[in-house]
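Numbered according to our numbering, the sequence shown spans residues 2 to 343. We treat Cβ as the ideally placed atom computed from N, Cα and C, and that holds for glycine. Take a look at the structure set out below.
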Amino acid sequence: MFFGGFLKTVDLEKSAVSNSGKKALILSVLISSIIISGCSPHKDKVQSQNILLGFSQLGTESAWRSGNTADIVNKAKASKVSLMMENGNRRQEDQIAAIRRFIAYQVDVIAFSPIVEEGWDNVLLEAKDAGIPVVLVDRDISTDNPDLISCKIGADFYNEGVMAADYLIRKADSLGKKEIKIVEITGTKDSTPMRKRQSGFMDTIKKDSRMTVIESINGDFLKSCGAECMRHLMKKYGSEIDVVFSHNDEMTLGALPEIEKAGLLPGKDIVIISIDAGQEAINVLKEGKINCVVECTPMLGKELMDTATKLKNGEKVEKVIHPKEGYFCDEQDLSELSLRGY
Ligand code: GYE
Numbered sequence: 002m003f004f005g006g007f008l009k010t011v012d013l014e015k016s017a018v019s020n021s022g023k024k025a026l027i028l029s030v031l032i033s034s035i036i037i038s039g040c041s042p043h044k045d046k047v048q049s050q051n052i053l054l055g056f057s058q059l060g061t062e063s064a065w066r067s068g069n070t071a072d073i074v075n076k077a078k079a080s081k082v083s084l085m086m087e088n089g090n091r092r093q094e095d096q097i098a099a100i101r102r103f104i105a106y107q108v109d110v111i112a113f114s115p116i117v118e119e120g121w122d123n124v125l126l127e128a129k130d131a132g133i134p135v136v137l138v139d140r141d142i143s144t145d146n147p148d149l150i151s152c153k154i155g156a157d158f159y160n161e162g163v164m165a166a167d168y169l170i171r172k173a174d175s176l177g178k179k180e181i182k183i184v185e186i187t188g189t190k191d192s193t194p195m196r197k198r199q200s201g202f203m204d205t206i207k208k209d210s211r212m213t214v215i216e217s218i219n220g221d222f223l224k225s226c227g228a229e230c231m232r233h234l235m236k237k238y239g240s241e242i243d244v245v246f247s248h249n250d251e252m253t254l255g256a257l258p259e260i261e262k263a264g265l266l267p268g269k270d271i272v273i274i275s276i277d278a279g280q281e282a283i284n285v286l287k288e289g290k291i292n293c294v295v296e297c298t299p300m301l302g303k304e305l306m307d308t309a310t311k312l313k314n315g316e317k318v319e320k321v322i323h324p325k326e327g328y329f330c331d332e333q334d335l336s337e338l339s340l341r342g343y
């Protein structure tokens, strides 16, 4: 996938690989990487010594992800950071291979959005041995060795689950309901947003005896899976369902037509709660088919560029950076809401 910018020539002397290794490296870098730079290829030496940031994006599964990629590309262009970006196609092994290429290429800083939490220690030890600092973007990893990571930049997913549940408790109060049956469509199994959105939501609703989750089903953060899950849920429970709690907008947007096909009105017969708050979901919220969307901002590019710059300069960085987030819902006047940008 081409994100814009220009291909930058590889500085072979910088790389400590053999001749044949170098050839393979150039080829693989040219084929699979894009280096996007804020400066033109003709600029002077000082500017060509910009920070080189290797970034492994996890995929293209959602509007959130596309917005995140675009923001990182734009913020790299606006700063003195040359970006070497690879798309992991939602495969951990592709992401690990990309990180290894960044190490071989001796980038200044490595960043990645891990598809799942487990299984990164080996490659991160290789980065540490090479003296390259690593930044986590968006999602977290599970490791016994926190020193492998210099900084985490991403949302407080637990709090997103809490905000979704708090809204539901208020909604149940306003509807005067005594019993609330919830179905949950979850994101990718073992990913941080899936685990934490679920635990924030569950920890909050378990204090309220009206709430029962009748089924939790994996929708993998994909629109098509969201539709498939909802088809199954409508067949199994139909009008028994009071609430759909979906871990992202993409799955929500896939689920809504399935509710309508079953003859029910999303947003009225079934309360719909989503997470991300991309433009399409906000439009559907305004139409009344979604009741609440918790915000998860993909605009992490500026923090990433600032952090990479500090790391390159040997400055101290914050260990965890959470963007500020809120929620949008049918309790609010949304007429003045500006465009979301993703
Ligand atoms: O909610 C979803 C995406 O990790 C926060 O991944 C991200 C999630 C986001 O595909 O839409």
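For ligand 1, is there a heavy atom less than 7 angstroms away from the beta-carbon of residue i?
i: Ile-276; result: yes
i: Ala-71; result: no
i: Asn-249; result: yes
i: Gly-162; result: no
i: Ala-131; result: no
i: Trp-121; result: no
i: Cys-230; result: no
i: Glu-261; result: no
i: Asp-297; result: According to the sequence displayed, residue 297 carries Cys and not Asp. For ligand 1, at least one heavy atom lies less than 7 angstroms from the Cβ of Cys-297.
i: Ser-63; result: yes
i: Pro-194; result: yes
i: Ala-156; result: yes
i: Arg-341; result: no
i: Asp-139; result: yes
i: Arg-91; result: no
i: Phe-222; result: yes
i: Gly-268; result: no
i: Gly-188; result: yes
i: Arg-66; result: yes
Within its chain, find whatever has a CB closer than 6 angstroms to the CB of residue i; leave out the 5 residues flanking it on each side and keep chain order.
i: Asn-20; result: Residue confidence is low: Asn-20 scores 41 on pLDDT, short of 50, so the model does not pin down where it sits. No coordinate-derived value is stated.
i: Ala-79; result: none
i: Gly-162; result: Arg-198, Gly-201, Phe-202
i: Phe-103; result: Gly-55, Ile-111
i: Ser-34; result: Because the pLDDT at Ser-34 is just 48, under 50, the model does not fix this residue reliably, and the point stays unresolved.
i: Asp-331; result: Asn-292
i: Asp-221; result: Thr-189
i: Glu-119; result: Ser-143
i: Ala-166; result: Phe-202, Thr-205, Ile-206
i: Asp-95; result: Gly-89
Keeping to the same chain, check which residues put their C-beta closer than 7 angstroms to that of residue i; ignore five residues upstream and five downstream.
i: Ser-151; result: Pro-134, Val-135, Val-136, Leu-312, Val-318
i: Met-212; result: Ile-181, Ile-183, Ile-206
i: Ser-217; result: Glu-185, Thr-187
i: Leu-28; result: Interpretation of Leu-28 is limited by its pLDDT of 42, a score under 50 that renders its predicted location unreliable; the figure taken from the coordinates is listed afterwards. Cβ neighbours of Leu-28 beyond the five flanking positions: none.
i: Arg-341; result: Ala-278, Gly-279, Gln-280, Ile-283
i: Arg-232; result: Glu-259
i: Ile-271; result: Ile-242, Asp-243, Val-244, Val-245, Ile-260, Leu-265
i: Pro-147; result: none
i: Lys-303; result: Lys-76
Ordered along the chain, which non-local residues of its own chain (more than five positions away) have a Cβ less than 8 angstroms from that of residue i?
i: Ala-173; result: Ile-181, Asp-209, Arg-211, Met-212
i: Ile-215; result: Lys-182, Ile-183, Val-184, Tyr-238, Glu-241, Ile-242
i: Ala-64; result: Asp-250, Glu-251, Asp-277, Gly-279, Gln-280, Glu-281, Tyr-343
i: Ala-156; result: Asp-139, Pro-194, Cys-297, Thr-298, His-323, Pro-324, Glu-326
Tell me, to the nearest whole angstrom, how far the beta carbon of residue i is from that of residue j; I am working on the premise that it is less than 8 angstroms.
i: Pro-299; j: Asp-72; result: 6 angstroms
i: Val-294; j: Tyr-238; result: The pair is not a contact, with the Cβ atoms about 23 angstroms apart (cut-off 8 angstroms).
i: Ala-256; j: Gly-227; result: 5 angstroms
i: Val-244; j: Ile-276; result: The pair is not a contact, with the Cβ atoms about 14 angstroms apart (cut-off 8 angstroms).
i: Lys-81; j: Asn-51; result: 5 angstroms
i: Ser-175; j: Val-138; result: Contact flag wrong, Cβ pair sits at about 38 angstroms.
i: Leu-305; j: Lys-76; result: 7 angstroms
i: Ser-192; j: Ile-116; result: 7 angstroms
i: Lys-287; j: Leu-335; result: 6 angstroms
i: Leu-301; j: Glu-62; result: Actually they are not in contact, since the Cβ atoms of Leu-301 and Glu-62 sit about 16 angstroms apart, beyond 8 angstroms.
**OP:** Please specify which runs of the beta strand (DSSP E), each continuous and at least 3 residues long, are wholly inside the segment 55-93, giving them in chain order.
**Re:** List check, beta strand (DSSP E) in window: 82-88.
**OP:** Just list the beta strand (DSSP E) runs in the segment 133-220, keeping only unbroken ones of 3 residues or longer that don't cross its boundaries, in chain order.
**Re:** With a minimum length of 3 residues, the unbroken runs of beta strand (DSSP E) contained wholly in the segment 133-220 fall at 135-138, 152-154, 181-187, 212-219.
Original post:
In the segment 208-295, which residue ranges form an unbroken alpha helix (DSSP H) of at least 4 residues, counting only runs that do not cross its ends?
Top reply: Runs of the alpha helix (DSSP H) lying entirely within the segment 208-295 and spanning at least 4 residues, in chain order: 224-238, 250-262, 280-288.
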